[in-house]
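The structure under discussion appears below in the form of structure tokens.
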Amino acid sequence: MNSPLARLRVRGSLALGAAEIRLRLRLPRLMWVLTRRPADRESPFAELVRIEADPAYRALFFAGLDAALEDRLATRTAVVAEIETAAEQLRDLVQRSDHGRAA
């Protein structure tokens, strides 16, 4: 960090930080206006109101909901099939090991 450019960058960032502090102290309202804030959230029931009021949006919403439910059911069905396959393989493995002990 001995290079003049690095020292200049550090001094510049320190000067900007000090200027920001002075502005916040002397012009708090201006700094409040210039400060970024998260966007206001919509009412929790805004989408529900839109679903009830707009038939086209309701149809789109329910179509998306039906598709999501079908995907979820398909995923669950696939998982159950995988579990049943693994259980059958485990049963076969246990039966083979039991036959090996009996001999």
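Numbering-wise, the sequence shown is residues 1 to 103 according to the working numbering. Even for Gly, the Cβ is constructed at its ideal location relative to N, Cα and C.
Query - CB contact flag (I51, R41, <8 Å) - result: no
Query raised in the report: Under a three-way DSSP split, which group does F45 fall into?
Result: coil
**Report entry** Three-way DSSP call (helix, strand, coil) for S3 in this model
**Finding:** coil
Query raised in the report: Are the beta-carbon atoms belonging to R24 and M31 less than 8 Å from one another?
Result: yes
Report task. Would you kindly work out how many angstroms separate the C-alpha atoms of R11 and P38, rounded to a whole number? Result -> 31 Å
Query - DSSP three-state assignment for L65, whether helix, strand or coil - result: helix
Requested in this report: Measure the C-alpha to C-alpha separation of A18 and R26 and round it to an integer number of angstroms.
Outcome: 12 Å
Report task. Could you tell me whether any Cβ in chain B is nearer than 8 Å to the Cβ of F45? Result -> In the displayed structure, chain B is absent; only one protein chain is listed.
Query raised in the report: Going by beta carbon distance, what residues of the same chain come within less than 6 Å of V49, once the five residues before and after it are set aside?
Result: none
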